[in-house]
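Numbering-wise, the sequence shown is residues -28 to -1, 1 to 363 according to mature numbering (1 follows the signal peptide of the UniProt record, and there is no 0).
Working notes, beginning with the structure itself.
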Amino acid sequence: MTYIHTSRLYFRLLFLILCFQQCSSAAALSVQCKIINVDYVECIWQRNLSTMNYTFSSMFANDGLDRGCPKYILEQNYTGCRIPLKDQNLRFNKFIVTIYTEGKHTISKTFDSLERNVLLNPPYNLSVMWNEHSDTLSLYWNSSAPLRKTCIVYMVRNQKDPSQSLNVTDTSYSVSPVSQNKLYVFQVRSTVADSCGSSDFWSDWSDPVEWSGTGNSSRPGWLYAILSVVLLSMLGFLLWYCERKKILSLPVVPDPSINLQDLFHKHDGNVESWIHISKELKEAFQPDYTEPSCDVCEVLPSCDTISKPEACPESKASSDPEACPQTEICSQPETCSQLKACPEPEACPEPEACPEPEACPEPEACPEAEICPAPQTDSSDKENTEEPQSS
């Protein structure tokens, strides 16, 4: 019996825990609704359980139509819904929202009106103009809210002097006098005026715009982006131009090994077969005639043609060798210089009439014996030697 009571107790505790989780999760949902730029209503709530699904519906009191959520949104840990605002005057009516959870729990919230929950978009397209004649600095901007100009109030501030923040109802603001040595950084935000239903929310601050010195120095954020893109484009073009100029001025040296592969691999180094010389071209360079070779030899004067010996009498030939004029052939230095044409010492034999051995020069005096042929020299010498004997 004790076991049965204990099991029942466990089931009851588990049921109470589940009910408490469902109730606490449903009660913890806090719904907040705003009208964004008088275009649509945005309602968001924070979910505690990631596995829980929600169903949203809304209704304006005077409209009487219960509309579901046409577009759910999920931002970080928040879930929301956006409902288009067909008529901007509906913001003054009662607004009712209902959220259904997985456990069939219903969370409902009623807003008396949403006129004080209007959040406008920040102004845009800020620009600054300086009037040199009146020494006035004028600031201009635009607004995207679909309201009359008199229904919007703007706040202008200078980031360098945040204490000087002014509310204006026009889309322009002027500063006078202007210090040209001072930097001005302007920002603008907007809200709904009291005459058209005051709102508790200001829009976000616009992008800053700067001005310093003389002239217009309006520098919005998009201008910096355009300048950055232009500078990067110019830098890329300069790099491309320099690289192209380098390639044109200093061309890459070609690799001849690619073209010579066929010469060594297919033709084994044979240039004629590699360059494909035709048979007709080869035959054109070959000679079509034959001519016997002719050896040309220079003939020098022999020893007999230098000075012809005179007849020597027999009486003087034996007694006085000096009386024979043939001894003068090789006795004088001038005559011996011409004996180089004699090929061999036998070319100049001693005559019988002149037995003196000094009449012929030494063999070293005739080193170039190959110039004159030996047979012609011997026949001339024999004729020269026979003439004295016959006389």
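Just so you know, even glycine gets a beta-carbon here, dropped at the ideal spot from N, CA and C.
In this text the structure is predicted, and so the values were computed from the model without any measurement.
Neighbourhood of residue i by C-beta distance below 6 Å, restricted to the same chain and skipping five residues each side
| i | result |
| --- | --- |
| I71 | Y26, F28 and I79 |
| E87 | R63, F64 and G169 |
| S171 | R88, V90, T163 and V164 |
| L138 | V128 |
| F173 | L91 |
| C41 | F28 and C53 |
| N34 | N65 |
Unbroken beta strand (DSSP E) run spanning residue i, endpoints
| i | result |
| --- | --- |
| S144 | S144 to V147 |
| Q4 | Q4 to I8 |
| E270 | Where E270 is concerned, there is no enclosing beta strand (DSSP E), given that its DSSP letter is neither H nor E. |
| E14 | Y12 to Q18 |
| V100 | Y96 to N103 |
| V125 | I124 to N130 |
| F28 | T27 to F32 |
| T163 | L155 to V164 |
| L46 | K43 to E47 |
| G52 | Y50 to P56 |
| K81 | T78 to F83 |
| V181 | V181 to S184 |
| F67 | F67 to Y72 |
| T108 | T108 to N114 |
The ligand SAM heavy atom lying under 7 Å from the CB of residue i
| i | result |
| --- | --- |
| L109 | With respect to the ligand SAM, the structure shown offers nothing to examine, as it has no ligands at all. |
Beta-carbon contacts of residue i that lie in its chain and below 7 Å, excluding the five residues immediately before and after
| i | result |
| --- | --- |
| N97 | W113 and N114 |
| C214 | none |
| S2 | W17 and Q18 |
| I8 | E14 and L91 |
| N130 | Q136, Y156, V157 and F158 |
| R39 | S29, S30, M31 and I55 |
| S250 | none |
Contact check, residue i vs residue j, beta carbons under 8 Å
| i | j | result |
| --- | --- | --- |
| P95 | S184 | no |
| P134 | Q60 | no |
| S148 | S200 | no |
| V150 | W102 | yes |
| V160 | S178 | yes |
| W246 | H239 | yes |
| R54 | K43 | yes |
| L109 | S146 | yes |
| V181 | S85 | no |
Anticipated Cβ contact below 8 Å, residue i with residue j, distance rounded
| i | j | result |
| --- | --- | --- |
| F83 | L62 | 12 Å between Cβ atoms; not a contact. |
| K132 | L111 | With 8 Å as the limit, K132 and L111 do not qualify as a contact, their Cβ atoms being about 14 Å apart. |
Own chain residues within Cβ distance below 8 Å of residue i, not counting five before or after
| i | result |
| --- | --- |
| V10 | L57, Q60, R63, V90, L92, A117, P118 and L119 |
| Q4 | C15, I16 and W17 |
| L203 | none |
| A165 | T122, C123, I124, V125 and T141 |
| I45 | E14, I16, T51, G52, C53 and R54 |
| D234 | W246 |
| W194 | none |
| P347 | Because the pLDDT at P347 is just 48, under 50, the model does not fix this residue reliably, and the point stays unresolved. |
| V47 | Checking the displayed sequence, the identity of residue 47 turns out to be Glu instead of Val. Excluding sequence neighbours, E47 sits near I16. |
| S167 | T122 and C123 |
| V243 | L235 |
| K217 | none |
Endpoints, the alpha helix (DSSP H) within which residue i is located
| i | result |
| --- | --- |
| K251 | K251 to A256 |
| Q233 | Q233 to H237 |
| E244 | V243 to W246 |
message: With three or more beta-carbon pairs closer than 8 Å as the criterion, would you say the segment 204 to 220 touches the segment 115 to 128?
response: With the cut-off at 8 Å, the segment 204 to 220 and the segment 115 to 128 do not touch.
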